[in-house]
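Here's the structure we're looking at; comments come further down.
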Amino acid sequence: MRLPVDTDRLRADIEANAAFGRVETDDPDAHGRTNRTGTEANREARNYLVDRLRDAGLDVSVDAVGNVAGKWVPESVDPDAAPVAAGSHLDSVPEGGIFDGPLGVYAALESVRAMQEAGVDPDRPVLVVSFTEEEGSTFGDGLLGSSVAVGEADLDDALARENDAGETLAEALSRIGYRGEGLLDPGSWDAFFELHIEQDTVLESAGVDVGVVTTITGITHCTVEIDGEANHAGATAMGDRTDALTAASEVVLDIESAANQTVDTDSETAVATVGSLSVSPNATNVVPGRVEAGVDVRAVESASIEQIVAAVRESLDRVKRERGVEMGFARPFDVPPTPMSDRLRAAAHDAATEAERSAIDLHSGAAHDAMRIARVTDASLLFAPSRDGISHNPREWTDWADCAAATGVLAGAMAEIAGAIDPVEK
Ligand SMILES: [Zn+2]
Numbered sequence: 300m301r302l303p304v305d306t307d308r309l310r311a312d313i314e315a316n317a318a319f320g321r322v323e324t325d326d327p328d329a330h331g332r333t334n335r336t337g338t339e340a341n342r343e344a345r346n347y348l349v350d351r352l353r354d355a356g357l358d359v360s361v362d363a364v365g366n367v368a369g370k371w372v373p374e375s376v377d378p379d380a381a382p383v384a385a386g387s388h389l390d391s392v393p394e395g396g397i398f399d400g401p402l403g404v405y406a407a408l409e410s411v412r413a414m415q416e417a418g419v420d421p422d423r424p425v426l427v428v429s430f431t432e433e434e435g436s437t438f439g440d441g442l443l444g445s446s447v448a449v450g451e452a453d454l455d456d457a458l459a460r461e462n463d464a465g466e467t468l469a470e471a472l473s474r475i476g477y478r479g480e481g482l483l484d485p486g487s488w489d490a491f492f493e494l495h496i497e498q499d500t501v502l503e504s505a506g507v508d509v510g511v512v513t514t515i516t517g518i519t520h521c522t523v524e525i526d527g528e529a530n531h532a533g534a535t536a537m538g539d540r541t542d543a544l545t546a547a548s549e550v551v552l553d554i555e556s557a558a559n560q561t562v563d564t565d566s567e568t569a570v571a572t573v574g575s576l577s578v579s580p581n582a583t584n585v586v587p588g589r590v591e592a593g594v595d596v597r598a599v600e601s602a603s604i605e606q607i608v609a610a611v612r613e614s615l616d617r618v619k620r621e622r623g624v625e626m627g628f629a630r631p632f633d634v635p636p637t638p639m640s641d642r643l644r645a646a647a648h649d650a651a652t653e654a655e656r657s658a659i660d661l662h663s664g665a666a667h668d669a670m671r672i673a674r675v676t677d678a679s680l681l682f683a684p685s686r687d688g689i690s691h692n693p694r695e696w697t698d699w700a701d702c703a704a705a706t707g708v709l710a711g712a713m714a715e716i717a718g719a720i721d722p723v724e725k
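Set out below in structure tokens:
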């Protein structure tokens, strides 16, 4: 059965949410918002969500890290059954787009409303969830609310984090009225679905309605420190230099080659980026004495990540030997690849078939809350097409019809897993 997702109602919610922290601009294609955790805009966005959850008859709770949940427990449900949850986040990066996060939250709510209007009878409670500080632009590294909920991050550490003004997360949540009690317990959920914009062009290029994510890529961050000798740019002969930046340049190119090679031989999804370089003393008339580089490596298979990291280390050894620089290496951040649940992926494909929507499997190069939730229960990440792949930008866009189509698939998958509709006959 095709659940009656209401495009206009979904659009109204996302547009209402977009007004909180709206970025004013003359560009007709820009729809920016800045919604950082603990701001007035964030309070308004949360209040609006709570009102909409209550309008739909959901029982609203706020946990100790500010995660918001609305629980639908219709009469057909065994209240002790493990719930089916879905959601995403309402915060944004500074001058971000209006779909990144809110689509997943309001699509989850619209899915509940569609099930209610279809008169289906789920066996399991259904939860609509909005996680705190997914973007990490205000209180830290991102995925904070979901990380605390699954025990990956410590609650007290999270609450003690400070924003640029020196206010802690605990203080900010209290100030806006969203410092609740207890914690969401994703480990007790039967399933978690997150619908998100793709932020890439695979779906748009293929002309497909929805992407079913197979794996969220693993991410490794390495820091490389290269010490040469700062010296006078005029008085130091070419043969007498130990230039940290020319050494770093070789390393940067080696990393690009290593990633290209891994793409050719092992995993076409592998990527490696030297995204930051800090040069000291960074003066035009001084031979660079020190460079710090930040390296980001991602792939859907751990072996591919390890292969690129090994190539980085080989490059450091070679350049150290040939140029006489000192090298430091650290690997401060490591998240392994996260496969999504086969059971939920199958439900998503069933739902796409039922709703007569096209769906393809793909991987996600970006981290999402679903990655954290997958550590403790079955998780699924679905993608809606992004125009030109643009996101974290006011020009981020997904057509309303595309939002609704993907929401219809989400709704069908949630309904199947919640026992509200029968699985598709195969
Ligand atoms: Zn997001």
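Per our numbering, residue 300 is the first one in the sequence shown, and the count goes up by one each step. C-beta: ideal position from N, C-alpha, C; glycine also.
Does the distance from the CB of residue i to the CB of residue j come in under 8 angstroms?
{"i": "T676", "j": "P684", "result": "no"}
{"i": "T561", "j": "Q606", "result": "yes"}
{"i": "I716", "j": "V419", "result": "no"}
{"i": "D512", "j": "M414", "result": "Going by the sequence as given, residue 512 is Val instead of Asp. Going by C-beta atoms, V512 is not nearer than 8 angstroms to M414."}
{"i": "L348", "j": "S429", "result": "yes"}
{"i": "L302", "j": "A712", "result": "no"}
{"i": "L442", "j": "E433", "result": "yes"}
{"i": "F438", "j": "L468", "result": "yes"}
{"i": "L643", "j": "S614", "result": "no"}
{"i": "E480", "j": "A363", "result": "yes"}
{"i": "R694", "j": "A318", "result": "no"}
{"i": "A406", "j": "L544", "result": "no"}
{"i": "S577", "j": "V590", "result": "yes"}
{"i": "D649", "j": "P722", "result": "yes"}
{"i": "V411", "j": "F682", "result": "no"}
{"i": "V634", "j": "G444", "result": "no"}
{"i": "V372", "j": "D354", "result": "no"}
{"i": "N462", "j": "A452", "result": "no"}
Could you check the C-alpha separation between residue i and residue j for me, to the nearest Å?
{"i": "R460", "j": "H388", "result": "19 angstroms"}
{"i": "Q498", "j": "H667", "result": "12 angstroms"}
{"i": "K619", "j": "E625", "result": "6 angstroms"}
{"i": "P728", "j": "T324", "result": "Because the chain spans 300 through 725 in this model, residue 728 falls outside it and cannot be assessed."}
{"i": "N692", "j": "N334", "result": "13 angstroms"}
{"i": "I689", "j": "H495", "result": "13 angstroms"}
{"i": "N366", "j": "G403", "result": "14 angstroms"}
{"i": "I659", "j": "V570", "result": "22 angstroms"}
{"i": "G331", "j": "I475", "result": "22 angstroms"}
{"i": "S601", "j": "T568", "result": "12 angstroms"}
{"i": "V304", "j": "L552", "result": "49 angstroms"}
{"i": "G465", "j": "S360", "result": "28 angstroms"}
{"i": "A532", "j": "N584", "result": "5 angstroms"}
{"i": "R622", "j": "R345", "result": "55 angstroms"}
{"i": "R617", "j": "A610", "result": "10 angstroms"}
{"i": "G664", "j": "G506", "result": "20 angstroms"}
{"i": "V708", "j": "R351", "result": "21 angstroms"}
{"i": "W699", "j": "L502", "result": "15 angstroms"}
{"i": "A315", "j": "I515", "result": "30 angstroms"}
{"i": "F492", "j": "V550", "result": "40 angstroms"}
{"i": "D565", "j": "I397", "result": "36 angstroms"}
{"i": "D539", "j": "E528", "result": "10 angstroms"}
{"i": "S579", "j": "A669", "result": "39 angstroms"}
{"i": "I313", "j": "H662", "result": "26 angstroms"}
{"i": "P401", "j": "S391", "result": "9 angstroms"}
{"i": "T572", "j": "N559", "result": "11 angstroms"}
{"i": "G395", "j": "T500", "result": "18 angstroms"}
{"i": "A582", "j": "S657", "result": "55 angstroms"}
Given 8 angstroms, three or more beta-carbon pairs between the region 485 to 496 and the region 521 to 533 | no
Sequence-ordered residues whose beta carbon comes within less than 7 angstroms of a heavy atom of ligand 1 | S387, H388, D399, G400, E433, E434, H495 and H667
The region 438 to 457 touching the region 665 to 679, judged by at least three CB pairs closer than 8 angstroms | yes
At least three beta-carbon pairs within less than 8 angstroms, the region 587 to 598 to the region 646 to 653 | no
Are the region 331 to 338 and the region 698 to 706 in contact at 8 angstroms, needing three or more beta carbon pairs?
-> no
Below 8 angstroms, can you find three or more Cβ-Cβ pairs linking the region 376 to 393 to the region 415 to 432?
-> yes
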